[in-house]
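Below you'll find the structure, written out as structure tokens, and then a few comments.
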Amino acid sequence: MWRHTTMNAALATLKERGFFKQCTDEDLLNKKLDEGPIRIYVGVDPTGPSMHVGHMVPLFAMHHLQQAGHLPTILVGGGTARIGDPSGKSDMRKMLTIDQIKANAENLKKQIANFIDFDGDKAKLVDNADWLADLNYIDFLREIGRHFSVNRMLTFEAYKKRMEKGLSFIEFNYQLLQSYDFLELYRRENCILQIGGDDQWGNIVAGMELIRRMEGSEAEAMGLTFPLVTRSDGKKMGKTEKGAIFLDPELTSIYEFFQYWRNVADADVEKFLLLYTFLPTDECRRLGALKDQEINKAKEVLAYELTKIIHGEAEANKVMEGARAAFKAGGTQDKSGMPSGDMSVSELEKGINIMDLFVKAGLCSSKSEARRLVSQNGAAINGEKNSDVDAVISVEAIVDEGGEKEIVLKAGKKRFFRYIVK
RNA sequence: GGGGAGGUUCCCGAGUGGUCAAAGGGGGCAGACUGUAAAUCUGUUGCUUCGGCUUCGAAGGUUCAAAUCCUUCUCUCCCCA
């Protein structure tokens, strides 16, 4: 028999936008979402100095749920970060000091506010260190540990992968702590739904089961996971050669952040628009359907919208203009969004070797690399290729652009640096 | 605690005394082609004051000469207890 219930709008949005992988009880979730605001939690562990692109999906999902009137609780895992989640990892994580974790957590909190509205009591931010840090080991084993079957835990995919490479006892306990978090939030604020990436499925289910065991079988706790986001080229989401793309502008410049999205593969544009922007679904689909050169517009929208969410509208405008100025030759566009630095006139009066200049600008990490770049005809100054390794750059290279004296370096096709001569 | 196998340049992985800055593949970078795409092709891929210098888990040793041999240490994996 078909059930002729209409799907809840919030759930429909999540599905449409690609935030739905599996749910522990979709019918129940549908019903609960219809009945009124529910308290939903998602956890983020402060294991790094900043969130990176890979952390964003759950927060975007939470944003849409909040838009639909539900109540987010963001759990910063100050306690669980001390252990490290083995789910989906193939190696043990290095241990962090408590001070590191605290500093990380502070940064995280600021970044989360980009996605979630904390005004009034629309959303809560909690730290599981508050209840995990002082747990008594014996008590915890007696009350919580006894509900976990090792046999069952070993059947979870997350642990299977680690059976080959090795899994330390401390990491094996992660699931118990995350389950306890869910129980704690269920008790404290009637949080009945935990969401997370699909690698969290095992941990979420374990939490639900713990709640049923402790609170009785009528307890209505649920879990929902999102698909793991993949790139069409098979590379890891948000990773470049230099490492992860961070949300903190100190770690990943806004220009670099923008360019990462500007350069995604054609096949990923629609998916990313749906996942990583707040644009209406129709608009995402329309942009994603653009073909050939046209799709570049969609990529620019993606980069712009996401940069706006993370770094603000002013920065997004600036960096988009900077990128346009860099890639569209000529013109008098605003170049202030390009990566730049100052240089003194006296330095240029002395003259500087082209290789040294590229190294100084940070476009090459060693002189050998610079030599390669130049000799392979990949270096350009003010738009003109220069493959002479012995070239000396002097005051003659200065270009007067709308009142500012500058020299624009280009390495390869996409990397720019603008020297402002003073 | 006993036994075995291993740690090679960003990654995988050859190399078992000189011809090894180290094969091959991947990745990266650059060039061509393009749309700041993908695919493809080509070149390149330790550092350098271009004399050389430092690399093969760490420290010593043997040798004219070691990534390759010896010793100790260290880490990882597997088997036994």
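Per my numbering, the very first residue in the first sequence carries number 1044; after that it's consecutive.
We put the CB at the ideal spot given by N, CA and C, even for glycine.
As the structure is a prediction and not an experimental result, all values here were calculated from the model.
Residue of the options minimising C-alpha distance to residue i
i	options	result
L1168	E1390, V1087, K1457, L1318	V1087
F1199	W1244, I1159, S1222	W1244
L1349	T1320, G1112, R1328	T1320
V1438	G1405, V1388, L1406	V1388
G1445	K1456, M1363, N1396, K1378	K1378
P1092	P1115, L1114, E1343, N1147	N1147
Q1065	I1353, L1236, V1417	L1236
D1443	D1431, R1461, N1429	R1461
A1357	I1297, I1397, L1406	I1297
E1447	E1326, E1390, G1405, S1383	S1383
A1166	L1114, L1406, G1250, I1187	L1114
L1139	G1127, H1354, D1164	G1127
D1431	E1149, E1412, I1397, S1411	I1397
E1299	H1354, T1116, F1215, A1156	H1354
N1429	N1150, L1400, K1314, G1188	L1400
E1326	D1335, Q1336, K1314	K1314
K1457	R1414, E1392, A1413, K1371	K1371
Local Cβ density within 10 Å of residue i, reported as buried at 16 or more and exposed below that
i	result
N1179	exposed
Q1302	buried
G1426	exposed
D1433	exposed
G1112	exposed
D1182	exposed
T1227	Going by the sequence as given, residue 1227 is Glu instead of Thr. With 16 or more other Cβ atoms within 10 Å, it is buried.
K1075	buried
K1285	exposed
L1184	exposed
I1141	exposed
R1478	No statement about residue 1478 is possible, as the shown extent of the chain runs from 1044 to 1465 and does not include it.
N1246	buried
V1100	buried
G1394	exposed
D1224	buried
N1194	exposed
G1365	buried
K1361	buried
Spatial neighbours of residue i in its chain, beta-carbon cut-off 6 Å, leaving aside the 5 residues before and after
i	result
D1385	I1463, K1465
K1351	A1359
G1122	N1171, A1172, L1175, A1176
R1255	A1262
G1374	Low confidence applies to G1374: its pLDDT is 47, below 50, so where it sits in the model is not reliable, and the reading given next is rough at best. For G1374, where only same-chain residues beyond five positions count, there are no Cβ hits under 6 Å.
F1459	A1369, M1381, K1453
Y1347	A1359, M1363
D1162	none
A1287	H1095, G1281
Cβ neighbours of residue i in the same chain (closer than 7 Å, five flanking residues each side left out)
i	result
I1424	I1436, A1440, I1450, L1452
L1024	The requested residue 1024 is not part of the displayed model; the chain covers only 1044 to 1465.
I1338	D1309, V1312
A1052	A1111
N1233	R1082
I1144	P1089, G1121, A1124, R1125
I1213	I1126
D1077	N1051
L1071	E1263, M1265
Under 8 Å between C-beta atoms of residue i and residue j
i	j	result
L1316	L1333	no
Y1229	A1176	no
L1345	V1402	no
G1476	H1095	Residue 1476 is absent from the structure shown; the chain starts at 1044 and stops at 1465.
L1290	Q1154	yes
L1253	H1190	yes
V1119	I1238	no
G1240	T1273	no
D1160	Q1221	no
A1055	P1129	no
V1018	G1266	This structure gives no information on residue 1018, because the portion of the chain shown stretches from 1044 to 1465.
L1271	D1242	yes
T1324	R1060	yes
M1251	T1067	yes
R1305	K1342	yes
Chain-order list of residues whose beta-carbon lies under 8 Å from that of residue i (same chain, five-residue window excluded)
i	result
M1044	In this prediction, M1044 scores a pLDDT of 45, lower than 50, which makes its location untrustworthy; the coordinate-derived value is nonetheless stated afterwards. Excluding positions up to five away in sequence, the list is empty.
K1203	L1197
G1455	L1416, G1421
G1188	L1219
Residue i Cβ short of 7 Å to the ligand FAD heavy atom set
i	result
M1196	This structure lacks the ligand FAD; in fact it carries no ligand of any kind.
Quick one: which unbroken alpha helix (DSSP H) runs of 4-plus residues sit fully inside the stretch 1351 to 1414? Chain order, please. 1356 to 1370, 1388 to 1393, 1397 to 1403
Entirely within the stretch 1207 to 1248 and at least 3 residues each: give me those beta strand (DSSP E) ranges in chain order. 1234 to 1240
Mind listing, in chain order, the continuous beta strand (DSSP E) runs of no fewer than 3 residues lying wholly within the stretch 1139 to 1214? 1167 to 1170
Within the stretch 1064 to 1144, note down every full alpha helix (DSSP H) run reaching 4 residues or more, in order along the chain. 1069 to 1078, 1099 to 1110
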